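A.B. asks: In this note's numbering, the protein residues as written are 5 to 240.
Glycine included, each C-beta is placed from N, C-alpha and C at the ideal position.
All values derive from a computational prediction rather than experimental measurement.
Starting off with a structure, shown below.
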Ligand code: SF4
Ligand code: SF4
């Protein structure tokens with residue numbers, strides 16, 4: 005059974021522990037940053053930063069229905085799609101450029117990814133994830149910590165998360181956990197829902213419309229994200 009990361013956004017504090025842990029495990033340097041009007045830094049994914057936490061300030065209704073300023077934190081990474089569009093694009097250049105591991109579900113760029121133009125990989129991704137190499141040959145993205153999984157370890161981001169926002173496990177277990185959490189969270193946030201439960205191996209629980217977090221955070225319309233397709237998550 006393949007794996008899933010469940011991301012309960014109502015539990016994310018924006019601490020960026022996952023962002024740092026990712027850098028440490030991948031052994032890639034930090035980037036020089038500056039205040040650009042947001043606590044979100046680096047300001048976007050890059051070839052060196054394959055995981056970032058997006059920060060958004062939004063006006064959301066409180067329990068009395070009054071608008072109140074709220075933080076929305078969105079830890080961003082490759083979704084490890086069930087049927088990966090990036091792989092379909094890369095296969096046109098070399099079928100070995102992207103490995104889709106059936107045991108874990110990990111979508112992994114190999115050394116042959118350099119045969120594929122990085123910008124084409126980015127354009128093929130519905131979540132706008134891959135970032136081109138500086139010379140344009142190939143791109144980088146999260147690989148689910150494939151090396152760690154093969155050695156029975158958790159992805160570095162999940163291991164580092166102090167709040168329980170990130171959970172990792174068997175797909176069915178994570179789907180059940182997500183349904184359970186959604187049922188509970190909906191009591192406080194009636195507009196909460198699961199984003200793209202039918203096609204992504206990183207399953208987000210949104211407190212509110214995913215477009216308020218980030219425009220490309222989910223593909224499904226929030227009105228039908230949990231009600232269509234053969235893999236409906238029931239129980240709420
Ligand atoms: S999220 Fe994008 S980069 Fe990741 S597997 Fe899906 S298409 Fe590929
Ligand atoms: S480590 Fe957990 S709580 Fe901190 S930013 Fe990442 S997902 Fe959010």
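If we ignore side chains and look at the alpha-carbon of each, how far apart do residue 110 and residue 68 end up?
C.D. replies: Within the chain shown, numbered from 1, the residue matching residue 110 stands at position 106. Within the chain shown, numbered from 1, the residue matching residue 68 stands at position 64. About 43 Å.
A.B. asks: Residue 60 by DSSP, collapsed to three states: which one?
C.D. replies: For the purposes of this step, residue 60 is identified with residue 56 of the chain shown, where counting begins at 1. Reduced to three states, the DSSP call for residue 60 is strand.
A.B. asks: Please name the residue in 137, 78 and 117 whose C-alpha comes closest to that of residue 99.
C.D. replies: What you label residue 99 is simply residue 95 of the chain shown in a count that begins at 1. Of the listed residues, the one whose Cα sits closest to residue 99 is 117.
A.B. asks: By Cβ distance below 6 Å, which residues in the same chain neighbour residue 30 in space, the five residues on each side in sequence not counted?
C.D. replies: Working through the chain shown from its first residue, we reach residue 30 at position 26. Taken in chain order, the list of residues that qualify is empty.
A.B. asks: Using the rule of at least 16 other Cβ atoms within 10 Å of the residue's Cβ for burial, across every protein chain shown, is residue 200 buried or exposed?
C.D. replies: By 1-based counting over the chain shown, the position of residue 200 is 196. Residue 200 should be labelled buried.
A.B. asks: Under a Cβ-count criterion, where at least 16 other Cβ atoms within 10 Å of its own Cβ denotes burial, should residue 96 be classed as buried or exposed?
C.D. replies: If you number the chain shown from 1, residue 96 lands on position 92. The residue in question, residue 96, is exposed, as its Cβ has fewer than 16 Cβ neighbours within 10 Å.
A.B. asks: Go through the stretch 87-120 residue by residue and report every complete run of the beta strand (DSSP E) that reaches 3 residues or more, in order.
C.D. replies: Complete beta strand (DSSP E) runs here, min 3: 102-104 and 111-113.
A.B. asks: Which residue wins for smallest C-alpha separation from residue 155, given the options 108, 63, 73 and 196?
C.D. replies: For the purposes of this step, residue 155 is identified with residue 151 of the chain shown, where counting begins at 1. Selected option, being the one with the closest Cα: 108.
A.B. asks: Sorry if obvious, but does the Cβ on residue 121 come closer than 7 Å to a heavy atom of ligand 1?
C.D. replies: As a position in the chain shown, residue 121 is number 117, starting the count at 1. Incorrect: residue 121 has no Cβ contact closer than 7 Å to ligand 1.
A.B. asks: Between residue 148 and residue 6, what straight-line distance do the alpha-carbon atoms span, to the nearest angstrom?
C.D. replies: On the chain shown, residue 148 is found 144 positions in, with the first residue counted as 1. On the chain shown, residue 6 is found 2 positions in, with the first residue counted as 1. Looking at the two C-alpha atoms, the distance is approximately 12 Å.
A.B. asks: Under 6 Å Cβ to Cβ from residue 58, same chain only, skipping five residues before and after it: list those, please.
C.D. replies: As a first step, residue 58 is located in the chain shown; it is residue number 54 there, counting from the start. Around residue 58: 44, 78, 80 and 218.
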